[in-house]
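**Q**
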Amino acid sequence: MCDYLKPLAGRPVLRLRAGVPCRWSVRTRDGRGWCPPGTVPAHDLDGLPYFHGDDLVLAVPGEPVTVRAARGPEHASVETTLLPCPGETLVELTPPRLYDAAARGWYGADLHVPLNRPAGWVAAAQHGEDLHVINLVAHDGETLDHWAGRDLPWSDGAHVARVDLVHQVRGLGAWPLTPETLRAVRDRGALAAYANPCAGPAETADQLMSGGDAGGDARLAVVDAALGLVDGFSSAIGSPAAYRRLIGAGNRIGATGGGTRRLGPIGRERTYARVDGRLTAGAYARAVRRGHTFVTTGPFLELEVDGRGPGATLDLRPGGTVRVTARVLGEGAERVRLLTADGELASGPAGASADGLDACLPVVWPTYVVAVAEGGGGRVVAHSSPVYLDVCHRRVAREEDVTFCLRWLDLLEKQVRDRVAEDVLEVVEEARRVYLARLR
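Each residue of the sequence shown is one higher than the one before, starting from 16 at the first, in the numbering used here.
1. Using only the alpha-carbon positions, how far apart do A163 and D179 sit?
2. Is the Cβ-Cβ distance between T340 and D373 less than 7 Å?
3. Please name the residue, chosen from R26, V449, A288, that lies closest to R119 on a Cα-to-Cα basis.
4. Can you give me the C-alpha to C-alpha distance between L451 and N150, rounded to a whole angstrom?
5. If you follow the alpha helix (DSSP H) that W423 is in, where does it begin and where does it stop?
6. Could you check where the beta strand (DSSP E) with A85 kicks off and where it finishes?
7. Three or more C-beta pairs under 8 Å: does that hold for the segment 289-309 against the segment 64-80?
8. Quick check on DSSP: helix, strand or coil for E346?
9. Quick one: grab the DSSP three-state call for S399.
10. Please say whether G87 and G171 have beta carbons closer to each other than 7 Å?
11. Check for me: the beta strand (DSSP E) holding D438 runs from which residue to which?
12. One question on the structure: do R409 and P381 come within less than 7 Å of each other, judged by their Cβ atoms?
13. To the nearest angstrom, how far is it from the Cα of R332 to the Cα of V378?
14. In or out: N211 buried (at least 16 other Cβ within 10 Å) or exposed?
15. Keeping to the same chain, check which residues put their C-beta closer than 6 Å to that of A296; ignore five residues upstream and five downstream.
16. Starting from Y209 and walking both ways along the beta strand (DSSP E), at which residues does that stretch end?
17. Is D405 helix, strand or coil when you go by DSSP?
18. Measure from the alpha carbon of P111 to the alpha carbon of each residue in A91, G247, P325, G363, then state which is nearest.
19. Please classify V55 as buried or exposed, where buried requires at least 16 other C-beta atoms within 10 Å of its C-beta.
20. If we ignore side chains and look at the alpha-carbon of each, how far apart do L31 and D61 end up?
21. In its own chain, which residues sit with a C-beta less than 6 Å from the C-beta of G253, not counting the 5 before and 5 after it?
22. Cα-Cα, which of D155, V152, P168, A153 is closest to Y142?
23. In terms of alpha-carbon separation, which member of V385, E157, A85, C407 lies closest to G313?
24. Roughly how many whole angstroms lie between the Cα atoms of D321 and A240?
25. Under the DSSP definition of a beta bridge, which residues are partnered with I149?
26. At 3 residues or longer, what runs of the beta strand (DSSP E) sit wholly inside the segment 199-287?
27. Please name the residue in F309, R447, I268 whose C-alpha comes closest to that of A116.
28. Can you tell me the Cβ-Cβ gap for V82 and W39, rounded? I've got them flagged as a contact below 8 Å.
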């Protein structure tokens with residue numbers, strides 16, 4: 016609930032100021048939220064209504080109120096409780112910075128934001144959450160045609176807003192998208208990625224295919240990843256077991272986030288990409304396509320293998336070792352793990368040392384390395400894209416993972432056989448040939 020009171024004579028008024036756009040929540044002891052006139056609030060993970068902006072004025076009752084200011088995961092939230100005086104009371108709160116991803120060359124994005132709110136609300140939210148990149152999903156052709164290839168008006172040097180940065184690949188309800196269609200999407204510089212994760216457990220391919228929403232999730236990734244037609248799997252933190260099966264089976268697909276199963280404000284789940292040079296839509300898309308990414312609901316996650324980051328490929332010879340390091344910055348993460356195709360390499364408390372979690376990995380056969388951070392009873396999680404370790408020019412293709420993907424493919428074919436044309440089944444068969452070749 017969010018109440019609006021006109022600033023009448025004698026009614027206390029708060030002026031909220033941070034010096035930068037923020038996300039504000041104002042509540043009284045009875046749990047009611049208070050907002051500026053004309054505000055259409057959303058609700059945060061604690062159920063509190065919130066609004067974005069800076070130097071805002073709102074009327075409140077003459078009783079104690081708690082004011083919270085937040086600004087996305089790169090900043091800590093800060094709050095105060097006060098008894099407003101008659102007239103205007105200035106409340107100055109500035110969320111302190113926890114880490115500066117852009118200073119390290121990393122830019123965070125929400126890649127799936129439905130355009131179901133006024134543009135002004137979205138603009139205020141992007142700046143208030145300090146969200147570097149936002150991809151808006153517009154379903155009307157007029158909006159898409161008008162803004163194709165152009166930044167939206169509120170973009171600036173540190174924030175990019177687009178309606179065509181990502182082509183969201185849907186589930187069975189909108190499939191098939193032909194290989195030609197997906198190649199055309201990528202040829203014009205846009206990304207092709209899945210809008211939603213697979214839901215439910217994925218210990219077996221049968222579990223993966225029996226749960227979730229067949230009309231909207233990423234179960235089709237087993238085809239498109241094998242054929243190199245998509246740039247990201249949404250989401251490595253929503254479906255981590257399925258994601259690691261795909262990369263363990265030899266697919267080169269980066270970790271991306273997003274999805275309509277949204278909790279909390281815009282940008283709560285972010286896809287960070289390491290960008291070379293200035294932030295632009297094109298530079299960000301190229302970084303995602305190269306797999307220079309990690310996905311997070313808060314903490315900054317850094318992975319290095321012999322000094323190389325996510326998306327890199329090291330071609331090695333058997334008998335050597337590589338040094339693997341993961342570092343976590345920010346709040347909420349309690350544990351960090353290093354995983355390979357064969358399981359856990361190392362784990363430890365997040366932030367236990369300034370040097371992070373460190374391990375040596377003997378080079379025996381092709382594999383990959385990813386970093387995962389977890390905490391908050393599952394509310395806080397981050398997952399990197401892999402660093403690929405090829406051996407004598409041979410990529411990882413773990414038999415157990417390839418067999419998993421082949422079973423996944425068989426079940427998918429059974430689901431679509433009666434709904435799609437013969438040429439679509441030929442695409443499924445092409446993916447099957449790719450996986451079978453990796454078993455040799």
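Beta carbons: idealized from backbone N, C-alpha and C, even for Gly.
**A** Short version:
1. As a position in the sequence shown, residue 163 is number 148, starting the count at 1. As a position in the sequence shown, residue 179 is number 164, starting the count at 1. Rounded to the nearest angstrom, the two C-alpha atoms are 6 Å apart.
2. Here residue 340 is taken as the residue at index 325 of the sequence shown, counted from 1. Here residue 373 is taken as the residue at index 358 of the sequence shown, counted from 1. Yes, Cβ-Cβ distance for T340 and D373 is below 7 Å.
3. As a working note, residue 119 is residue 104 in the sequence shown. The shortest C-alpha separation from R119 is found at A288.
4. Walking along the sequence shown from the start, residue 451 turns up at place 436. Walking along the sequence shown from the start, residue 150 turns up at place 135. Cα to Cα, L451 sits roughly 36 Å from N150.
5. Reading the sequence shown from its first residue, position 408 is the one you call residue 423. Counting along the chain, the alpha helix (DSSP H) containing W423 begins and ends at 414-431.
6. The residue you call residue 85 lines up with position 70 of the sequence shown. 80-85 is the span of the beta strand (DSSP E), which, as asked, contains A85.
7. no
8. Along the sequence shown, read from residue 1 onward, the residue named residue 346 stands at position 331. Coil, per DSSP.
9. Residue 399 sits at position 384 when you count from the first residue of the sequence shown. Residue state, collapsed to three classes: strand.
10. Locating residue 171 in the sequence shown gives position 156, counting from the first residue. Locating residue 87 in the sequence shown gives position 72, counting from the first residue. Here residue 171 turns out to be Asp, not Gly, going by the sequence shown. Result no, Cβ atoms of D171 and G87 do not sit closer than 7 Å.
11. Taking the first residue of the sequence shown as position 1, residue 438 is located at position 423. Element bounds for D438: not the beta strand (DSSP E) but the alpha helix (DSSP H), 437-453.
12. As a first step, residue 409 must be located in the sequence shown, where it is residue number 394. As a first step, residue 381 must be located in the sequence shown, where it is residue number 366. Yes.
13. Along the sequence shown, one-based indexing puts residue 332 at 317. Along the sequence shown, one-based indexing puts residue 378 at 363. About 7 Å.
14. The sequence position of residue 211 within the sequence shown is 196, counting from 1. Looking at its Cβ environment, which holds 16 or more other Cβ atoms inside 10 Å, N211 is buried.
15. As a first step, residue 296 is located in the sequence shown; it is residue number 281 there, counting from the start. The answer, listed in chain order, is V175, R177, L180.
16. Counting from 1 along the sequence shown, the entry for residue 209 is found at position 194. Its beta strand (DSSP E) spans residues 206-209.
17. Sequence index remark: in the sequence shown, residue 405 carries index 390 (1-based). Of the three classes helix, strand and coil, the one that applies to D405 here is strand, per DSSP.
18. In the sequence shown, counting from the first residue as 1, residue 111 sits at position 96. Taking only the C-alpha atoms, the option nearest P111 is A91.
19. Working through the sequence shown from its first residue, we reach residue 55 at position 40. Exposed, since its Cβ has fewer than 16 Cβ neighbours within 10 Å.
20. Stepping through the sequence shown from its first residue, residue 31 is reached at position 16. Stepping through the sequence shown from its first residue, residue 61 is reached at position 46. Going from the Cα of L31 to the Cα of D61 covers about 21 Å.
21. In the sequence shown, residue 253 corresponds to position 238, counting from 1. Excluding positions up to five away in sequence, the list reads P212.
22. Reading the sequence shown from its first residue, position 127 is the one you call residue 142. Sequence check: residue 142 is His here, not Tyr. Nearest of D155, V152, P168, A153 to H142, Cα basis: P168.
23. Counting from 1 along the sequence shown, the entry for residue 313 is found at position 298. Per the Cα distances, A85.
24. As a working note, residue 321 is residue 306 in the sequence shown. As a working note, residue 240 is residue 225 in the sequence shown. Looking at the two C-alpha atoms, the distance is approximately 27 Å.
25. Your numbering for residue 149 matches position 134 in the sequence shown. For I149, which the question treats as bridged, DSSP gives the partners D125, A176.
26. 206-209, 247-249, 269-271
27. Reading the sequence shown from its first residue, position 101 is the one you call residue 116. Checking every option, the nearest Cα to that of A116 belongs to F309.
28. On the sequence shown, residue 82 is found 67 positions in, with the first residue counted as 1. On the sequence shown, residue 39 is found 24 positions in, with the first residue counted as 1. Indeed they touch by this definition, with Cβ atoms about 7 Å apart.
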